[in-house]
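The opening position of the sequence shown corresponds to residue 1 in UniProt numbering, with each subsequent residue numbered one higher.
All residues carry an ideal CB built from backbone N, CA and C; glycine is no exception.
This structure is a prediction, so every number in the text was calculated from the model and none was measured.
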Amino acid sequence: MREFSLPALYEVPADGNLTDLIRRNAAQQPDLPVIGRKRGGHWEDLTAAGFLAEVNAAAKGLIAAGVEPGDRVGLMSRTRYEWTLLDFAIWSAGGVTVPVYETSSPEQICWILGDSGAVGCLVETEAHTEAVKSVRDRLPGLAHVWQIEAPGTGEGTGGEAPRGAVAELGAAGAGVSDATVEERGSVANADSPATIVYTSGTTGRPKGCVLTHRSFFAECGNVVERLRPLFRPGEGSVLLFLPVAHVFGRLVQVAAVMAPIKLGHVSDLSKLTDELGSFRPTMVLGVPRVFEKVFNSARAQAVAGGKGKIFDKAAAVAGAYSRALDEPAGPSLKLKFQHKVFDRLVYSKLRAVLGGQATHAISGGAPLGAHLGHFFRGIGFTVLEGYGLTESCAATAFNPYDRPKIGTVGQPLPGSVIRIADDGEVLLHGEHLFTEYWNNPQATEEALADGWFHTGDLGSLDVDGYLAITGRKKEILVTAAGKNVAPAVIEDRIRSHALVAECMVVGDGRPFIGALLTVDEEFLPRWAKEHGKESLSHDELLTDAALLDELQRAVDDGNKAVSRAESVRKFRVLPHQFTEESGHVTPSLKLKRGVVAKDFADEIEALYTH
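As structure tokens, then:
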């Protein structure tokens, strides 16, 4: 058994709650821009005082509607300014926010709102309203449904003047005094529930993780202090495009307010590149798939422009330069010269795609991989990998900006402890952890045994306390020969190929390891054009010999990361990517392995019979 901890850098206020942050900002720096929001196609600043005023107005409306201290209120929307506004408004009314993914089905909505006992729900669109209405007869405690977008308007992504729910709440609360909001906003203390975030549900019905105000204070306070150069008040900014219903997005939101730095929101990921260029954040937070697409798209454009060899050489130099930074001697003079040349020709253009101002990003949700980690650091854009779960209020480990170790998920959150059990399971202890699964004492007891949260993940700690995640306990495959195989390592390596969208390794009880692959449907047309196969249909492309050869190269590269017994011998290409709508991935894009295995049982069987 091995464990590692770091001293806390932030002291949680015992009698405070998260609304203290917006009141502090307005009192100390009323004119500081804390929000950037899109209006008329341009970014406009909202000051700390202005943000507090809008939060209070919405909170008054919730109070007027009968929301009492401790009441749960659902919030179902894409990432937009109103998400942050209404989250703080719910807290200011004394309530508890219950996030609902905007892609959730009526059945999922019913479960989350019903299990949490929500008294009201704020939704974004008319479609969301209809989805809630379709199950409302099974939700007797749901007294209110407010719609953010004014009915019939189909408002954009949060930049227009407030209408719909925000205006409705403002009008309804006109008779509620400032003193009432002040009193309500002070009811909760550090140990009061702030939110109930439902897990992704990869293995059954989602469980509601109760995260307290203490959880967020401990999490965000220590992240901000450890990464203080990235959270510079008055200078720093971050563009939030992750789902705020996911705990990682919530970390970004609260940390930005705590720092404080300017926070912007993007709902439409197809416009992300344009919005990064116009907002120009000083820091980017994302998931590995975002950074994979940046790399793959850049390379594809270079190839299309006849500059593929230059890009590949530049990428190789970036990787070599980054690896040399970890060596005592550092980069050689030759490598420094090559790096300087490619910085002018290639790297500066890639940084411009990411807004041009950011030197660091924080990545979580899945492993980035050492190849991309070194590439991005080599171009002057260091991606700091972290690791966490809903139960740990997002990051429970992350790489420090001044001493990153690529290939790891970093050191423990200051003030917390990471322990590796005898069987390799990662155990956690700290103030940032959830307190219980809502209405589920049995699951709570199983997960929080002896004061430690049992993550279900397998990992190791090096001598400096840097954590590496090697797999999931429940996902360990045991081949017919008795070989234990952790799928994560090879899956992540194969998935890093531009053509591969998802990879799921199979082989439990089988004679060898196989894999199910899906092809990235955004990248496939580019590949077809590059190889003169535009005339082929989607189905014809998936059986094309050249494409299968390319996928085999991706598999061969993945096999280099594991032993022969763990390597993929055969693979099958599935007809379409996995989607949340198809039921094969969660809203945070985690594979539902059991569902995939059931729905594609014939394909798995074919691996071993054909």
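Use the C-beta contact count for residue i: other C-beta atoms within 10 angstroms, 16 or more gives buried, fewer gives exposed.
i	result
Phe337	exposed
Lys598	exposed
residue 611	What is shown of the chain runs 1 to 610, which leaves residue 611 out entirely.
Leu345	exposed
Leu86	buried
Pro441	exposed
Met283	buried
Ala127	exposed
His576	exposed
Glu183	exposed
Lys262	buried
Ser567	buried
Leu139	buried
His610	exposed
Arg2	exposed
By alpha-carbon positions, which one of the options ends up nearest to residue i?
i	options	result
Pro367	Phe342, Lys349, Asn399 and Arg72	Asn399
Val254	Gly236, Ile196, Ser134 and Ile22	Ile22
Thr390	Trp111, Ala26, Ala245 and Ala93	Ala245
Ile420	Pro414, Ala443 and Ser460	Ser460
Gln28	Ala14, Leu18, Gly36 and Ala49	Ala49
Val383	Arg250, Phe295 and Pro331	Phe295
Ile148	Pro106, Trp111, Ser77 and Ala190	Ser77
Asp462	Ala329, Arg510, Thr518 and Gly410	Gly410
Leu458	Pro487, Pro587, Thr444 and Asp71	Pro487
Ala8	Arg226, Asn25 and Ala179	Arg226
His538	Glu521, Leu551, Thr47 and Ala546	Glu521
Val247	Ile261, Gly208 and Gly61	Gly208
Tyr401	Arg205, Pro229, Ala188 and Ala174	Pro229
Met504	Arg403, Gly424, Thr125 and Gly558	Gly558
Tyr198	Ile109, Gly373 and Ala554	Ile109
residue 624	Trp146, Arg72, Ala481 and Ile90	Shown here, the chain extends from 1 to 610; a query on residue 624 therefore has no answer.
Gly583	Leu574, Val573, Ala480 and Val595	Val595
Pro233	Ile35, Asp326 and Arg572	Ile35
Please state whether DSSP places residue i in a helix, a strand or coil.
i	result
residue 641	Beyond the ends of the chain as shown, which are 1 and 610, falls residue 641; an answer cannot be given.
Lys349	helix
Asn296	helix
Phe571	strand
Ser104	coil
Leu122	strand
Leu6	coil
Asp326	coil
Ala561	coil
Pro587	coil
Pro69	coil
Ile494	helix
Tyr466	coil
Gln552	helix
Gly407	coil
Cys209	strand
Met258	helix
Leu517	strand
Phe503	The question names Phe, yet the displayed sequence has Cys at residue 503. Here Cys503 sits in strand by DSSP.
So, for residue i: in the same chain, excluding its five sequence neighbours on each side, which residues have a beta-carbon less than 7 Å away from its beta-carbon?
i	result
Leu285	Val238, Leu242, Val252, Ala361 and Ile362
Val210	Pro193, Ile196, Phe434, Thr435, Glu436 and Trp438
Gly430	Ala218, Leu413, Gly415, Ser416 and Val417
Val562	Val489 and Ile490
Met258	Leu21, Cys220, Gly221 and Val224
Lys60	Gly173, Val176 and Val181
Val132	Ile109, Cys121, Val123 and Val145
Using a Cβ-Cβ cut-off of 6 Å (strictly less than) and excluding sequence neighbours within five positions of residue i, which residues of its own chain qualify?
i	result
Ala314	Phe342 and Val346
Gly221	Tyr10
Ser215	Cys393 and His432
Asn56	Val181
Gln357	Arg280 and Thr282
Ala64	Ala172, Gly173 and Val176
Skipping 5 residues on each side, what residues in its chain have a beta carbon closer than 8 Å to that of residue i?
i	result
Arg299	Gly308, Phe311, Asp312, Ala315 and Ala498
Ala370	Ile406 and Gly407
Ala190	Val12, Pro13, Ala14, Asp15, Gly16, Asn17, Thr212, His213, Arg214 and Phe217
Val500	Ile494, Leu517, Thr518, Val519, Asp520, Leu551 and Ala554
Asn484	Ile476, Leu477 and Val478
Can you check DSSP and say which residues form a bridge with residue i?
i	result
Val478	Asn484
residue 617	The chain is shown from 1 up to 610; residue 617 falls before or after that span and cannot be answered.
residue 680	One cannot answer for residue 680 here, as it falls past the ends of the chain, which runs 1 to 610.
Thr382	His360
Glu437	The sequence as given places Tyr at residue 437; Glu does not occur at that position. BP columns for Tyr437 point to Cys209.
Report yes if the C-beta of residue i is less than 6 Å from at least one heavy atom of the ligand FMN; otherwise report no.
i	result
Ser535	No copy of the ligand FMN appears in this structure; indeed no ligand is present at all.
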